[in-house]
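Participant: In this note's numbering, the protein residues as written are 336 to 615. No residue lacks a Cβ here, since even glycine has one placed at the ideal position from N, Cα and C. For reference, the structure I am asking about is given below.
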Ligand SMILES: C[S@@+](CC[C@H](N)C(=O)[O-])C[C@H]1O[C@@H](n2cnc3c(N)ncnc32)[C@H](O)[C@@H]1O
């Protein structure tokens, strides 16, 4: 993988609407970033009114990303990564983590938020093993045909597809299953799929109540946001082998053969669940 192609042109800079909150920018504010506007910060304030722990969910999600990408690069020997729904660049991004383990790792980011697309150009400058594709992930055939992704898959080597806090932005469950399935089908044998997703456990407990309040707060800004059950999230892996510890709250997640040092924390209100699966 020493001779890496460069994919000319780069992403198109779309107009950025600063008056309407976007998922990428609200999330950026959750992480303490600066790529956000007053509309994003106002929605943030409404969310933390009902869920003061929400910023910690975002931080936990980034810790999970670091854990999972490090494990994939170090222990599973994966050298090709697709970060689908990558969000705005923050402290430790997938290419920095993967290339920190092996400098030859190739990472392709995909996102369709105009602010993220604008930053995609800068990512291209980092090195010729990091690429950005501006595309709508609900159109798998188009995404899979994008040269950086098509080339990555054509090598036939294992690929790690990361879909962190992205699939829950697709409302219809059957459509989301079909979309995820097309990505799973395109992965070479030995590949991995890593997902984090907002969850409504469905047991009528405190987290279900919290989720209902959250849904009410964000329904106008993010009408397609879908909190799925553990079973529904598990189904998004399309029959791949879900590795230990399964699809669980991020507070309970650990790398597949990882030692668990801490006792589970039963009282933590955590609506973000994660899982990692391998394709045979
Ligand atoms: C909450 S952010 C998560 C960012 C990052 N994956 C993480 O977990 O830290 C969700 C990202 O998914 C992107 N996204 C949502 N729907 C998308 C779609 N249909 N196509 C491409 N990107 C999408 C948003 O623009 C946003 O940047």
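Considering only residues of the same chain and omitting the five flanking positions on each side of residue 610, which have a CB-CB separation below 6 Å?
Facilitator: The count along the chain shown starts at 1 and reaches residue 610 at position 275. Counting only Cβ-Cβ distances below 6 Å, and skipping sequence neighbours, we find 530, 577 and 582.
Participant: List the DSSP bridge partners of residue 360.
Facilitator: In the chain shown, residue 360 corresponds to position 25, counting from 1. In the DSSP output, where bridge partners are listed per residue, residue 360 has none listed.
Participant: Which residues in the same chain as residue 487 place their Cβ atom closer than 8 Å to its Cβ, once the five residues preceding and following it in sequence are excluded?
Facilitator: Taking the first residue of the chain shown as position 1, residue 487 is located at position 152. These residues qualify, in order along the chain: 415, 417, 441, 443 and 494.
Participant: Any chance the CB of residue 575 is under 8 Å from a heavy atom of ligand 1?
Facilitator: In the chain shown, residue 575 corresponds to position 240, counting from 1. Because no heavy atom of ligand 1 lies under 8 Å away, the Cβ of residue 575 does not count as near it: no.
Participant: Please report how far the alpha carbon of residue 476 lies from the alpha carbon of residue 340, in whole angstroms.
Facilitator: Indexing the chain shown from 1 puts residue 476 at position 141. Indexing the chain shown from 1 puts residue 340 at position 5. So the alpha carbons of these two residues sit roughly 22 Å apart.
Participant: Cβ of residue 380 within 9 Å of Cβ of residue 372?
Facilitator: For the purposes of this step, residue 380 is taken as the residue at position 45 of the chain shown. For the purposes of this step, residue 372 is taken as the residue at position 37 of the chain shown. No, the pair does not count as a contact, with Cβ atoms beyond the cut-off.
Participant: What's the gap between the Cα of residue 565 and the Cα of residue 533?
Facilitator: Walking along the chain shown from the start, residue 565 turns up at place 230. Walking along the chain shown from the start, residue 533 turns up at place 198. Rounded to the nearest angstrom, the two C-alpha atoms are 10 Å apart.
Participant: Ligand 1 and residue 464: does the residue's C-beta get closer than 8 Å to at least one heavy atom of that ligand?
Facilitator: By 1-based counting over the chain shown, the position of residue 464 is 129. Result no, Cβ not under 8 Å from ligand 1.
Participant: Tell me which residues share the same chain as residue 479 and place their Cβ nearer than 6 Å to its Cβ, disregarding the 5 neighbours each side in the sequence.
Facilitator: Counting from one through the chain shown, the residue named residue 479 turns up at place 144. Excluding positions up to five away in sequence, the list reads 521.
Participant: What is the rounded straight-line gap between the Cα of residue 368 and the Cα of residue 390?
Facilitator: Position 33 of the chain shown, counted from the start, is the residue given in the question as residue 368. Position 55 of the chain shown, counted from the start, is the residue given in the question as residue 390. Cα to Cα, the separation comes out at about 12 Å.
Participant: Check whether the Cβ of residue 423 sits closer than 8 Å to any heavy atom of ligand 1, and report yes or no.
Facilitator: Here residue 423 is taken as the residue at index 88 of the chain shown, counted from 1. Yes, ligand 1 has a heavy atom inside 8 Å of this Cβ.
Participant: Closer than 8 Å to a non-hydrogen atom of ligand 1 - does that hold for the CB of residue 447?
Facilitator: Indexing the chain shown from 1 puts residue 447 at position 112. Yes.
Participant: Would you kindly check if the distance between the Cβ of residue 420 and the Cβ of residue 549 is under 9 Å?
Facilitator: For the purposes of this step, residue 549 is taken as the residue at position 214 of the chain shown. For the purposes of this step, residue 420 is taken as the residue at position 85 of the chain shown. Contact: no.
Participant: Hey, is residue 410 close to ligand 1, as in C-beta under 8 Å from one of its heavy atoms?
Facilitator: For the purposes of this step, residue 410 is identified with residue 75 of the chain shown, where counting begins at 1. Result no, Cβ not under 8 Å from ligand 1.
Participant: Run the CB neighbour count on residue 352, radius 10 Å, all protein chains shown included, and call it buried at 16 or more, exposed below.
Facilitator: Counting from 1 along the chain shown, the entry for residue 352 is found at position 17. Label assigned to residue 352: exposed.
Participant: Taking the DSSP output, what are the residues bridged to residue 466?
Facilitator: Translated into the one-based positions of the chain shown, residue 466 becomes position 131. Answer is 443, bridged to residue 466.
Participant: Residue 605 and residue 393: beta carbons closer than 9 Å?
Facilitator: Stepping through the chain shown from its first residue, residue 605 is reached at position 270. Stepping through the chain shown from its first residue, residue 393 is reached at position 58. Contact: no.
Participant: Just how far apart, CA to CA, sit residue 574 and residue 592?
Facilitator: The count along the chain shown starts at 1 and reaches residue 574 at position 239. The count along the chain shown starts at 1 and reaches residue 592 at position 257. If I take the Cα positions, the gap works out to 21 Å.
Participant: So, for residue 506: in the same chain, excluding its five sequence neighbours on each side, which residues have a beta-carbon less than 7 Å away from its beta-carbon?
Facilitator: Here residue 506 corresponds to residue number 171 of the chain shown, with the count starting at 1. Closer than 7 Å at Cβ, skipping near neighbours: 559 and 561.
Participant: Would you mind working out which of 435, 427, 426 and 385 sits nearest residue 409, comparing C-alpha positions?
Facilitator: Within the chain shown, the letter at position 74 stands for residue 409. Considering only alpha carbons, the answer is 435.
Participant: Nearest by alpha-carbon distance to residue 528: which of 377, 406, 385 and 362 is it?
Facilitator: Translated into the one-based positions of the chain shown, residue 528 becomes position 193. Measuring from the Cα of residue 528, the nearest candidate turns out to be 406.
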